[in-house]
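Engineer: Counting along the sequence shown from 1, when you hit position 60 you're at 60 in the numbering used here, and nothing is skipped either side. Quick one: the structure is below, questions incoming.
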Amino acid sequence: MFERFSRGYYVGRLSIEPTPDEAAGAFIQRATHERLNEQLYAAGEGIERTDLPLVMKLETSHFAVDGDSGVPQDTLWVPESLLDETRIETPPTLREVFLAKADRAAQLLRLSGQAV
């Protein structure tokens, strides 16, 4: 689903759709979220958390992404307000999405005031 892109990111293609609940945030399928968290963000020491938000970038916007069992496979739900900042005019749309690597994600979460 995601492959190495640069020092700070992986890249993948997901179907972009508006989140049913604007206030809820951005989501991918829960099982995929947990798998990516284990594969990409695990430190390898002791018990690993799989509930940390993933940090993705769509065009120029970075945002935290959580898991939800209601999201279809290979789909990213984003709030309408975030879609308004993109060139996506008619979702659902298949788009390139960047997934921040662990160190970059931790930095972005700290800068946004979210706990890591």
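Think of the CB as a built atom: it goes at the ideal place given N, C-alpha and C, for glycine as much as any other residue. All values derive from a computational prediction rather than experimental measurement.
From the DSSP output, in three-state form, read off E96 for me.
Structural biologist: Looking up residue 96 in the sequence shown gives position 96. The answer is strand: DSSP assigns E96 an E or B state.
Engineer: Ignore the nearest five residues each way along the sequence and tell me which others in A102's own chain have a CB closer than 7 Å to its CB.
Structural biologist: Counting from one through the sequence shown, the residue named residue 102 turns up at place 102. Same-chain partners within the cutoff: L40 and Y41.
Engineer: I'd like the ranges of any beta strand (DSSP E) spanning at least 3 consecutive residues and lying wholly in the region 5 to 44.
Structural biologist: Within the region 5 to 44, the complete beta strand (DSSP E) runs of at least 3 residues are 9 to 18 and 26 to 29.
Engineer: Given a cut-off of 9 Å, decide if A31 and P79 are closer than it, judged by their beta-carbon atoms.
Structural biologist: Taking the first residue of the sequence shown as position 1, residue 79 is located at position 79. Taking the first residue of the sequence shown as position 1, residue 31 is located at position 31. Not a contact, by the Cβ cut-off of 9 Å.
Engineer: Three-state secondary structure (DSSP) at D84?
Structural biologist: Along the sequence shown, read from residue 1 onward, the residue named residue 84 stands at position 84. Coil.
Engineer: Excluding sequence positions up to five away, which residues of its chain have a Cβ less than 6 Å from the Cβ of A105?
Structural biologist: By 1-based counting over the sequence shown, the position of residue 105 is 105. The answer, listed in chain order, is V55.
Engineer: Roughly how many angstroms separate the alpha carbons of P18 and F27, rounded to a whole number?
Structural biologist: The residue labelled residue 18 in the question sits at position 18 within the sequence shown. The residue labelled residue 27 in the question sits at position 27 within the sequence shown. Approximately 10 Å, taken between the alpha carbons.
Engineer: Under a three-way DSSP split, which group does D74 fall into?
Structural biologist: Your numbering for residue 74 matches position 74 in the sequence shown. Here D74 sits in coil by DSSP.
Engineer: Specify the secondary structure class of L58 as computed by DSSP and reduced to three states.
Structural biologist: By 1-based counting over the sequence shown, the position of residue 58 is 58. Reduced to three states, the DSSP call for L58 is strand.
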